[in-house]
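Same order as they appear, the protein sequences are chains Y and V.
Residue numbers for the first sequence follow numbering that gives the first Met the number 0, beginning at 0 and rising by one.
Residue numbers for the second sequence follow numbering that gives the first Met the number 0, beginning at 0 and rising by one.
Even for Gly, the Cβ is constructed at its ideal location relative to N, Cα and C.
Nothing here was measured: the structure is a model prediction, and the numbers come from that model.
Report on the following structure.
Number of protein chains: 2
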Amino acid sequence: MSGELGPGDKLNEPPLVERLGISRPPLREALRVLESEGLLEQTPRRGYRVVNMTDKDVEEVYSLRRALEAFAVDLLLAQDKPPSFDALNPIMASMRAAAKRGDSAGVVQATVQFHTGIVAAAGHSRLTDVYRSLMLQMQLSMAANVRSEARTKGDLSKGCDRHAALLECLRTGDASSIRHEFAEHGERDYLDRKPALDVETEAVSR
Amino acid sequence: MSGELGPGDKLNEPPLVERLGISRPPLREALRVLESEGLLEQTPRRGYRVVNMTDKDVEEVYSLRRALEAFAVDLLLAQDKPPSFDALNPIMASMRAAAKRGDSAGVVQATVQFHTGIVAAAGHSRLTDVYRSLMLQMQLSMAANVRSEARTKGDLSKGCDRHAALLECLRTGDASSIRHEFAEHGERDYLDRKPALDVETEAVSR
DNA sequence: TTTGTGCAGTCTGTAGACAGTATTCTTTAT
DNA sequence: ATAAAGAATACTGTCTACAGACTGCACAAA
Chain Y
0 MSGELGPGDK LNEPPLVERL GISRPPLREA LRVLESEGLL EQTPRRGYRV VNMTDKDVEE
60 VYSLRRALEA FAVDLLLAQD KPPSFDALNP IMASMRAAAK RGDSAGVVQA TVQFHTGIVA
120 AAGHSRLTDV YRSLMLQMQL SMAANVRSEA RTKGDLSKGC DRHAALLECL RTGDASSIRH
180 EFAEHGERDY LDRKPALDVE TEAVSR
Chain V
0 MSGELGPGDK LNEPPLVERL GISRPPLREA LRVLESEGLL EQTPRRGYRV VNMTDKDVEE
60 VYSLRRALEA FAVDLLLAQD KPPSFDALNP IMASMRAAAK RGDSAGVVQA TVQFHTGIVA
120 AAGHSRLTDV YRSLMLQMQL SMAANVRSEA RTKGDLSKGC DRHAALLECL RTGDASSIRH
180 EFAEHGERDY LDRKPALDVE TEAVSR
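Rendered as structure tokens:
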């Protein structure tokens, strides 16, 4: 997520064991969890690598995200008393702070928390789990892009405004405008993203 | 899936190691995979248990399934040339054969394959993975029910007819009727299921 | 100079063993 | 007789060690 590793980089166990100060069995179980999250891929007898997402992969992540968010919105609208989303206020604050610092990674982090918080409010644990895993993959693809070029502060604060508008719509809007706003937002995020340029598999294990 | 283990049953590692003829590390990794699939749950220092699905869990599985199927149908309808679904023919045949034998577990197995095949035809790998995991959970909850009472052959063959109708609609129907048929089918499956009766945690490890 | 083969180094997959902790049974006290 | 406390047992979490396989390099031959 920090961009320290790039797509396709190998994760060899001995260096990681050395660095983390644990032994191989718990490390291996952790790697398998990351694989099930879709962040690493494993080939037998050749270890783990950071996934190298193709354009199709990115399109899959964003399209599934839109579908899941639409479902979450349906659940939220069906609730008797709509949640207040107060828990999102500090996340919005940290997003704005990161944008002011020009901290792209911080904005991405807060964005993931923001959207995950909304979906979690739907009260559907399986949906939340799937969505969280999907957002991690999205965060990974964004981290790969942050490596190549950083966004301007203007872009970052514009993203904050869009999220603020989405939250405002959720709190005060009617059903159809909420649905429309989410569809718009998901589409916009997909178009705004930088296309996944095929990064060379450069660094090896560290 | 066979019903040999019931909800809440403990899975202790030593007996499994003995039975499978492997050592603990690979067993532990396998258990962690089953946990990530939502079939087992793990509590620290207390090992793994078969998940005991509450009514809310079952409702979550079926509602998420409906949402994912709706998304899959959208993808299928957006394809230039619709797939033939020829791969589903042998699955339908084995479902009918199982129904004729009164083999509930076989029908469930074929049903899972049938639906997974349709979703997989949408060509969305992440959707397919999530859906497959979800169907395994559904299969598990059904296996728990098969323990208590078996369905009659009439019920089983009726289920086959419903699936045949769904497939026919997919092949020849228009967009709106396909969407309607899927929504109907998912709702019907949810209503037809037996409510998850709270089975006592009876057997221990074996 | 280039290509193929062999060897060495390294990593993964697995096995076996040990320490810490939860559970259960037994014993004792009320 | 029941409940609580302690001890014994068994299981989980972790570590070290070993075998098999792949990768990379070097050397030799064409």
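query                                                                                                                  : result
Test: residue 100(Y) CB closer than 8 Å to a CB of chain V                                                             : no
Extent of the continuous beta strand (DSSP E) to which residue 110(V) belongs                                          : Segment 103-119 is the alpha helix (DSSP H) holding residue 110(V); no beta strand (DSSP E) there.
Nearest-angstrom Cα separation, counted from residue 140(Y) out to residue 7(Y)                                        : 12 Å
Distance between residue 42(Y) and residue 137(Y) (C-alpha atoms, nearest Å)                                           : 22 Å
Cross-strand partners of residue 42(Y) (DSSP beta bridge)                                                              : 46(Y)
Within-8 Å CB hit, residue 186(Y) to chain V                                                                           : no
Residue 242(V) versus residue 133(V) - alpha carbon distance                                                           : Past the boundaries of the shown model lies residue 242(V); chain V is included only from 0 to 205, so the question cannot be answered.
Host alpha helix (DSSP H) of residue 123(V) (start-end)                                                                : Neither: residue 123(V) is in no alpha helix (DSSP H) and is coded neither H nor E.
Proximal residues of chain V, C-beta to C-beta of residue 24(Y) below 7 Å                                              : 24
Cβ separation of residue 49(Y) and residue 5(Y), assumed to be a contact under 8 Å, to the nearest whole Å             : 7 Å
C-alpha distance - residue 1(V) paired with residue 107(V), whole-angstrom precision                                   : 11 Å
Buried or exposed (CB count within 10 angstroms, at least 16 for buried), residue 185(Y)                               : buried
For residue 165(Y): DSSP bridge partner residues                                                                       : Its beta-bridge partners do not exist; DSSP assigns none.
Pair within 8 Å by beta-carbon distance, residue 12(Y) and residue 33(Y)                                               : no
Span of the alpha helix (DSSP H) around residue 55(V)                                                                  : 54-77
Among 159(V), 47(V), 66(V), 109(V), the one whose alpha carbon lies nearest that of residue 125(Y)                     : 66(V)
Cβ contact (3+ pairs, closer than 8 Å) linking the segment 151-161 of chain V and the segment 10-24 of chain V         : no
Residue-level contact to chain Y via CB, residue 107(V), 8 Å cutoff                                                    : no
Sufficient close CB pairs (3 or more, under 8 Å) joining the segment 83-95 of chain V to the segment 97-105 of chain Y : no
Terminal residues of the alpha helix (DSSP H) in which residue 0(V) lies                                               : Taken as a continuous stretch (DSSP letters only), residue 0(V) belongs to no alpha helix (DSSP H), as it is neither H nor E.
Same chain, Cβ closer than 6 Å to residue 130(Y), neighbours up to 5 away in sequence not counted                      : 67, 118
Chain-ordered chain V contacts of residue 113(Y) [CB-CB under 9 Å]                                                     : Per Cβ cutoff of 9 Å: no residues; residue 113(Y) is ~21 Å from chain V at best.
Contacts that residue 60(Y) makes with chain V (C-beta to C-beta distance below 9 Å)                                   : 125
Where residue 192(V) meets chain Y, residues with beta-carbon distance less than 7 Å                                   : Chain Y residues near residue 192(V): none, gap ~16 Å exceeds 7 Å.
Contact list for residue 70(V) against chain Y, beta-carbon separation under 7 Å                                       : 66
Between the CA atoms of residue 36(Y) and residue 9(V) - distance to the nearest angstrom                              : 25 Å
Cβ-based neighbour list, residue 99(V), same chain, cut-off 8 Å, excluding 5 preceding and 5 following                 : 152, 156
Element boundaries [alpha helix (DSSP H), containing residue 99(Y)]                                                    : 87-100
Candidates 77(Y), 120(Y), 69(Y), of which the one nearest residue 86(Y) by Cα                                          : 120(Y)
Inter-residue Cα distance where the pair is residue 97(V) and residue 179(V)                                           : 28 Å
Exposed unless 16 or more other CB atoms sit within 10 angstroms - verdict on residue 158(Y)                           : buried
Nearest-angstrom Cα separation, counted from residue 163(Y) out to residue 82(Y)                                       : 16 Å
Reference residue 79(V), options 114(V), 122(V), 39(V), closest by Cα                                                  : 122(V)
Contacting residues, own chain, Cβ-Cβ under 8 Å from residue 161(V) (five flanking each side not counted)              : 184, 187
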